[in-house]
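To keep things clear, I will list the structure first and then write my remarks on it.
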Amino acid sequence: MLVAWVLGVGLAVAHSGLQRAEPPVESKLKRPPSEVKLYFTERLEPAYSAVRVKDEHGAQVDREDSRVDASNPFLLRATLLPLEHGAYTVIWRVLSVDGHVTEGRFTFRVE
Numbered sequence: 018m019l020v021a022w023v024l025g026v027g028l029a030v031a032h033s034g035l036q037r038a039e040p041p042v043e044s045k046l047k048r049p050p051s052e053v054k055l056y057f058t059e060r061l062e063p064a065y066s067a068v069r070v071k072d073e074h075g076a077q078v079d080r081e082d083s084r085v086d087a088s089n090p091f092l093l094r095a096t097l098l099p100l101e102h103g104a105y106t107v108i109w110r111v112l113s114v115d116g117h118v119t120e121g122r123f124t125f126r127v128e
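Going letter by letter, the sequence shown gives residues 18 to 128 in the working numbering.
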């Protein structure tokens with residue numbers, strides 16, 4: 018029974034997992050990025066998937082144009098306002114086409 022539960026949890030975690038990010042998770046950048054790109058392991062449902070970026074004071078610094086890429090349904094992206102030095106948090110919530118919602122967050126820093 019425990020094995021089935023552990024395997025089930027492993028499968029649930031696999032839905033819409035974040036595969037990679039630009040800028041990378043926990044990265045320290047010399048230059049501020051102009052865009053955030055999140056690549057997922059499953060195709061995303063555009064109407065129910067979004068990403069936000071906030072500065073260390075909680076102010077939103079993306080241009081509120083979060084979208085699933087029209088030519089790549091695994092890619093969620095948003096353009097950024099000009100960023101100053103400091104820490105930024107990327108917050109995402111996605112619905113994959115298999116019906117599972119996942120969410121997460123990570124930080125990056127502009128030095």
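All C-beta atoms in this analysis are idealised placements derived from N, C-alpha and C, irrespective of residue type, glycine included.
Each of E62, V42, H117 and V107 was checked against the Cα of R69, and the nearest Cα belongs to V107. Counting only residues of its own chain and dropping the five nearest sequence neighbours on each side, F57 has a CB closer than 8 angstroms to the CB of S33, G34, L35, Q36, F91, L92, L93, V111 and S113. If you check the CB distance, H102 and E73 do not come in under 8 angstroms.
Per DSSP, F91 lies in no beta strand (DSSP E) segment and is marked neither H nor E. Straight through space, the alpha carbons of R48 and Y65 are spaced by roughly 31 angstroms.
The Cβ-Cβ distance between A38 and L55 falls below 8 angstroms.
The Cβ-Cβ distance between A104 and T124 falls below 8 angstroms. The alpha-carbon separation between S88 and L61 amounts to approximately 12 angstroms.
Between the alpha carbons of P41 and A95 lies a distance of about 15 angstroms.
With contacts defined by Cβ atoms closer than 8 angstroms, L98 and R80 form a contacting pair. Taking all protein chains shown into account, E59 has 16 or more neighbouring C-beta atoms within 10 Å of its C-beta and is therefore buried.
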